[in-house]
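Residues in the sequence shown are numbered consecutively from 1, following UniProt numbering. Heads up, the beta-carbon is just placed ideally off N, CA and C, and yes, glycines get one too. Because the structure is a prediction, the values reported are computed rather than measured. Quick notes on the structure that follows.
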Amino acid sequence: MVVGIGFSIGVDAQIEFKIMKLYSAANSLAEDVIGSVRNVHAFWMRPRLVQKYDNYLTQARKLGDKKSPVWGLIYSTEFFMIVSGYALCFWRGVQMYADGEIKGPGSVITQPLVNALDESGDRPEKVDGTIELFDLSFSYPTRPDVQVLRDFTLTFPARKTTGLVGASGSGKSTIVGLLERWYTPTSGLIRIDGRPIETLNINWLRIHIRMVQQEPVLFNGTVFENVCNGLTGTQWQESPREPKMERVIEACKMSNTHEFISQLPEWGYETQVGERAGLLSGGQKQRIAIARAIISDPQILLLDEATSALDPTSEGLVQKALDQASVGRTTIVIAHKVATIKNADNIVVMSKGEVCESGTHSQLLGMNGAYARLVKAQDLKSNQKQHSDTEATETGDEGEKEDTGLKQIHTSASHRKGVSSAVQQQELLDYSNWKK
1 MVVGIGFSIG
11 VDAQIEFKIM
21 KLYSAANSLA
31 EDVIGSVRNV
41 HAFWMRPRLV
51 QKYDNYLTQA
61 RKLGDKKSPV
71 WGLIYSTEFF
81 MIVSGYALCF
91 WRGVQMYADG
101 EIKGPGSVIT
111 QPLVNALDES
121 GDRPEKVDGT
131 IELFDLSFSY
141 PTRPDVQVLR
151 DFTLTFPARK
161 TTGLVGASGS
171 GKSTIVGLLE
181 RWYTPTSGLI
191 RIDGRPIETL
201 NINWLRIHIR
211 MVQQEPVLFN
221 GTVFENVCNG
231 LTGTQWQESP
241 REPKMERVIE
251 ACKMSNTHEF
261 ISQLPEWGYE
271 TQVGERAGLL
281 SGGQKQRIAI
291 ARAIISDPQI
301 LLLDEATSAL
311 DPTSEGLVQK
321 ALDQASVGRT
331 TIVIAHKVAT
341 IKNADNIVVM
351 SKGEVCESGT
361 HSQLLGMNGA
371 YARLVKAQDL
381 KSNQKQHSDT
391 EATETGDEGE
401 KEDTGLKQIH
411 TSASHRKGVS
421 SAVQQQELLD
431 YSNWKK
């Protein structure tokens, strides 16, 4: 059977090559005739050329007729194998049912744990913003044996900023996913203003909880259109352009974005951001994402590593925008950098899915625990970077001197090596040992 199909395909390829050669000759003839139509009529060449063109097509048709049996053999063999497979499956199923290996027919139905299109659920008129997590446990479906959260209990007070810090894999971003209802907890309860989160309408929930991620996603379009995406599902979604523009400008001013948008050449808010916002810098993209998040005036704001991928200059601008956007909202900030959360009303240190420490920046420093070690480690890294920058400048200046300059460079290198050694020793405390 396989040999027959292989032979048929080879014959078909040869015939197809001859047909394409005839079609090519016919097309070439037609182009020549159309390009010199006056000469064709002047020399009364039309009947002969028409006959020649017709001969090409006739030969191609005859070759096509030869292909029919070949295609018949190929398709008949293919469908025979398909239908035979169905027959074998049916026969085997009947045999298994008769032998008691299976109890009866069944069906496979895929039903999501969280249906984003579900219109049911409560839609409270007022949102205070208090979030409570009770005895929360969770494992990802792809890793059911790895428990990310273990009996996790925590309250996020309304209109306050709470920072979450901890090692990678400690469960910080998992909390964001559970609040957005991307996942359902294995056990435990999540309440918003005293209402279980699963009783709330999912569209209503996501309108009142907005998020800014580390890598913001902007769509190919204008700045105005991207910020307006934050109005989807709200009462302003179908508003006329002018009211929308007012809200866009207001949100951009709050996110420290309006100034740079106004300075964009020619178009301003109608400037195209390009595919994946490739025409904007990282800081500009992040501030537009913040404007998109707050344009609908959400009561709860989630900031997941929103500044970690930015350079120091952009980080300062974005951090200022985040501070302004957080005013009057329940804000949850996930960060690795202490500078991002040091002014939070409460800082929670997480380790292996549990709360390790909590308090304000000064309180946690006084505990001299995991948070204090993190602060010291980051201070050492910052000092090393500043020292390296200074030494690089001094090295450039001293490069023009002779023996004295060489001695200073040698001393600087030794000092830099000592600082690097101290940093390496401090980093042995790594975030994986938070509860030490």
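Annotated three-state conformation of M211 is strand, per DSSP. Checking the DSSP bridge columns, you'll see D122 partnered with L200. In this structure, DSSP gives D135 an extended state, which the three-state scheme calls strand. Contact between I202 and D118 holds: CB atoms are separated by about 6 Å, below the 8 Å threshold. In this structure, V146 keeps its C-beta atom at 8 Å or more from the C-beta atom of S137. By the criterion of at least three beta-carbon pairs nearer than 8 Å, the segment 59-66 is not in contact with the segment 27-40.
Residue pairing by DSSP places M350 opposite G166, V355 in a beta bridge.
Your pair A277 and E305 does not check out as a contact, with CB atoms roughly 18 Å apart and the cut at 8 Å. Annotation: the continuous beta strand (DSSP E) that includes F152 extends over 149-156. Within its own chain, the residues whose Cβ lies closer than 7 Å to the Cβ of T174, once the five positions on either side in sequence are excluded, are F138, V148, L149, listed in chain order. Non-local beta-carbon contacts of S326 in its own chain, meaning distances under 7 Å to residues more than five positions away in sequence, involve T161, L301 in chain order. Cβ-Cβ distances below 7 Å link K320 to N256 in the same chain, with the five nearest sequence neighbours on each side left out; the list follows chain order. Per DSSP, S281 lies in no beta strand (DSSP E) segment and is marked neither H nor E. For I197, the closest of G328, S120, G268, I249 by C-alpha to C-alpha distance is S120.
Annotation for V94: the continuous alpha helix (DSSP H) segment containing it runs 46-99.
Proximity of the segment 343-359 to the segment 369-376 meets the contact definition, three or more beta-carbon pairs being nearer than 8 Å. Inclusion of G188 and L133 in the CB contact set at 8 Å is warranted, their separation being smaller than that value.
Burial state of F224 is buried, judged by a 10 Å Cβ sphere holding 16 or more other Cβ atoms. S8 sits buried, since 16 or more C-beta atoms from the chains shown fall within 10 Å of its C-beta.
In this structure, D151 keeps its C-beta atom at 8 Å or more from the C-beta atom of D193.
When secondary structure is reduced to three states using DSSP, V40 falls in the helix class. For D304, the enclosing beta strand (DSSP E) stretches over residues 300-304.
With distances taken between CA atoms, C356 lies nearest to L164 out of T222, F219, L164, V212.
Comparing alpha carbon positions, the residue from F260, L205, V217 closest to G233 is L205. Per DSSP, the beta-bridge partners of T330 are I300. According to the DSSP assignment, R276 belongs to no alpha helix (DSSP H), since it is labelled neither H nor E. Boundaries of the beta strand (DSSP E) around S187: 187-192. Counting along the chain, the unbroken alpha helix (DSSP H) around T340 starts and ends at 338-341. In the three-state DSSP reduction, T130 falls in the coil class, being neither helix nor strand.
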